[in-house]
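Q: For the sequence shown, the tail end lands on 325 under full-length UniProt numbering, and the numbers increase by one without skipping.
This is the structure I have questions about; it appears just below.
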Amino acid sequence: MVLPVFYNVNPSEGRHQTKSSGEALAKLEERFKDSARVQRWKACVKEVANLSRWQLEGNGNESKFIQEIAQAITRIVNCTYLNVAKHPIGVESRVHAINMLLSVGMNDIRMIGVFGVGGIGKTTITKAIYNLNAYQFEDSCFLANVRETSKRECGLVQLQEKLLYDILGDSSLKVDNVDRGINIIKERLCCKRILLVLDDVDQLAQLEALSGESGWFGLGSRIIITTRDKHLLTKHKVDLTYKVKEMDHDEALQLFSWHAFKKDKPIDGFVQLSEHALRCARGLPLALVVLGSNLYGRSLHEWKSALDKCKRLPNKNIHNILRIS
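And the structure:
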């Protein structure tokens, strides 16, 4: 990880290689006859300038500047990273698209909705986004399985307490009921620049209890909501949305192969059966993982038997029809 610090120099000078940066590079060109090496240096300077994070110019407060850097590095060191996937095929491109919507660093408050059918990879993608961005915020919280947790007795209260604990770190803070939890969240988090992920939401009441309005959180905050129901995002006035699409053929084949053969492509004799498996899974990452894992180490006969089940029962839950006795 690279965290550039620009001390009494503007990053634009590095990007455009003007003023002191340009002068220094010009001297290097005169000193070294290896132009290819100097060109690599120039490219590196441009790349670092585009990563600009901290900048102190003129009469800036150096003590405060150093403190900000130390706090940011502490957040990076202390950040708890989530397990994404052993084989994150296709995740990077989808993360990049959602990151464009996030625009971390802008001072507005944004809610971003990530929607798609079950098993499409919403949770995996948002875990990767969380890992990539959490260190850039004062505090962060990933609330997993909101739908299931909400069904329990006092489930929403438990989620509110976890949110408050993850952000404030106060284990003694208890929530009596949902309404009280809403008030505490608004009062205690309104000045906090946070990253919050609400994973697998299916009821408006869940959103109203955990992130009723963007004004509940501090400037620069980002709230990511994953759901199967796009209309739910509309009702909650989430304007920025991303639909997670099925995997393309190459992505699906690679993911399936890693689980079915422990390599990135099918082994001899199983190519056509693998294509059959891809049709069964219909581009859903979860289905590809479940199917591939169930078929790993099985004989041709067992493969054909399992895939025939998929053919006969194409609309059944993949977990049920893939069980091989």
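C-beta atoms are modelled at their ideal positions from N, C-alpha and C, and glycine is treated no differently.
Nothing here was measured: the structure is a model prediction, and the numbers come from that model.
#1: Quick one, are the C-beta atoms of GLN232 and VAL201 less than 8 Å apart?
#2: So the beta strand (DSSP E) LYS263 belongs to, where does it begin and stop?
#3: State the beta-bridge partners of PHE6 as determined by DSSP.
#4: Taking 8 Å as the cut-off, does the stretch 108-118 touch the stretch 231-249 (at least 3 CB pairs, one atom from each stretch)?
#5: Run through DSSP, which three-state label would CYS141 get?
#6: Let me confirm a value: ALA128 is counted as buried when at least 16 other C-beta atoms fall within 10 Å, else exposed. Which label applies?
#7: Could you compute how far the alpha carbon of PHE6 sits from the alpha carbon of ILE66?
#8: Counting along the chain, where does the alpha helix (DSSP H) carrying THR124 start and finish?
#9: According to the Cβ coordinates, are LEU255 and CYS280 closer than 8 Å?
#10: Would you kindly check if the distance between the Cβ of PRO88 and the Cβ of ALA49 is under 8 Å?
#11: In this structure, how does DSSP classify TYR296 when only helix, strand and coil are distinguished?
#12: Does DSSP put MET247 in a helix, in a strand, or in coil?
#13: Look at the Cβ atom of GLY292, then the Cβ atom of HIS259, and state whether they are nearer than 8 Å.
#14: Quick one: is the Cβ of ILE182 within less than 7 Å of any heavy atom of the ligand NAD?
#15: Going straight from the alpha carbon of LEU156 to that of GLN206, what length do you get?
#16: Note the first and the last residue of the continuous beta strand (DSSP E) segment covering ASP200.
A: In short, the structure shows the following:
#1: Position 232 of the sequence shown, counted from the start, is the residue given in the question as residue 232. Position 201 of the sequence shown, counted from the start, is the residue given in the question as residue 201. According to the sequence as given, residue 232 is Leu; it is not Gln. Contact flag set, yes.
#2: Indexing the sequence shown from 1 puts residue 263 at position 263. Premise fails: LYS263 is in no beta strand (DSSP E) and is neither H nor E.
#3: Your numbering for residue 6 matches position 6 in the sequence shown. GLN55, per the DSSP bridge assignment.
#4: These segments touch.
#5: As a working note, residue 141 is residue 141 in the sequence shown. Strand, per DSSP.
#6: Numbered from its first residue, the sequence shown carries residue 128 at position 128. The residue is buried, with at least 16 neighbouring Cβ atoms inside 10 Å.
#7: The count along the sequence shown starts at 1 and reaches residue 6 at position 6. The count along the sequence shown starts at 1 and reaches residue 66 at position 66. Answer to the nearest angstrom: the Cα atoms are 12 Å apart.
#8: Start at 1 with the first residue of the sequence shown, and residue 124 comes out as number 124. Per DSSP, THR124 belongs to the alpha helix (DSSP H) from 122-133.
#9: Numbered from its first residue, the sequence shown carries residue 255 at position 255. Numbered from its first residue, the sequence shown carries residue 280 at position 280. Taking 8 Å as the Cβ cut-off, LEU255 and CYS280 do not qualify as a contacting pair.
#10: Taking the first residue of the sequence shown as position 1, residue 49 is located at position 49. Taking the first residue of the sequence shown as position 1, residue 88 is located at position 88. With respect to PRO88, ALA49 sits apart: the two C-beta atoms are not nearer than 8 Å.
#11: As a working note, residue 296 is residue 296 in the sequence shown. Here TYR296 carries a coil assignment [DSSP, helix/strand/coil].
#12: Here the question's residue 247 lines up with position 247 in the sequence shown. Coil.
#13: Here residue 292 refers to the residue found at position 292 when the sequence shown is read from its first residue. Here residue 259 refers to the residue found at position 259 when the sequence shown is read from its first residue. Against a cut-off of 8 Å, the Cβ pair of HIS259 and GLY292 comes out as a contact.
#14: Absence of the ligand NAD from the depicted structure is noted, as is the absence of any ligand whatsoever, leaving it without description.
#15: Counting from 1 along the sequence shown, the entry for residue 156 is found at position 156. Counting from 1 along the sequence shown, the entry for residue 206 is found at position 206. Straight-line Cα distance between these residues: approximately 7 Å.
#16: For the purposes of this step, residue 200 is taken as the residue at position 200 of the sequence shown. 194-201 is the span of the beta strand (DSSP E), which, as asked, contains ASP200.
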